[in-house]
Amino acid sequence: MLKTLGLQLFIISFFALGSFEVHAQPKNKPVLSEQVDSHELRVQDMLMNFLNPHIDDAVCNYYKQILTECPMVYPYFVDVVKSQRMNGFRGFILQITLDVTPTIGPHISVGKDRITFEVSAGPTVRMINYKHLETHELPEHWKDIIRGPL
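Using the working numbering, you'd call the opening residue of the sequence shown number 835 and step up by one each time.
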């Protein structure tokens, strides 16, 4: 009960900052090049930890028709594209749009997707949109997991 309340307060305080755009991973730098920690980066990472099971479920649901294995999304392969309040200032129905890079095996990218979630008190997380943006070709030794066209 206390953990759930703490998680709710964390999510509410994160989104209470209003509409903003941030990137969990710098677009012009390799993932491991960022060596400076910050409050903002820690809050983003906590949010990705909270959303990651929902992201993985959405990704698995999309790719299960295409691949025999469910790809997974590491928190550092997520960019926050947009967040907004849906019901005005200090309203607690929020949307967050993420660009994710699902991977299989040893970090082999299978594509890029954009997912929008609605987050509200409870906490309740509901996927409201999933859009496949890019398909990445798999290496020859991973093509046996392809079920249908990528």
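Idealized CB from N, CA, C, for every residue including glycine.
Each of H970, P909 and I949 was checked against the Cα of S917, and the nearest Cα belongs to I949.
Taking V893 as the centre and dropping the five residues before and after it, the same chain places the C-beta of P905, V907 and P936 closer than 6 Å to its C-beta, in chain order. Under the three-state reduction of DSSP output, E952 falls in the strand class. In the three-state reduction of the DSSP assignment, E874 falls in the helix class. Taken through DSSP and simplified to helix, strand or coil, E974 comes out as helix. Counting every other CB atom within 10 Å of its CB across the protein chains shown gives G945 a total of 16 or more, marking it as buried. Note: K946 is bridge-paired with E968 in the DSSP secondary-structure output. The closest CA to that of H966, considering only Y896, G956 and V959, is found on Y896.
Annotation for I927: the continuous beta strand (DSSP E) segment containing it runs I927 to V934.
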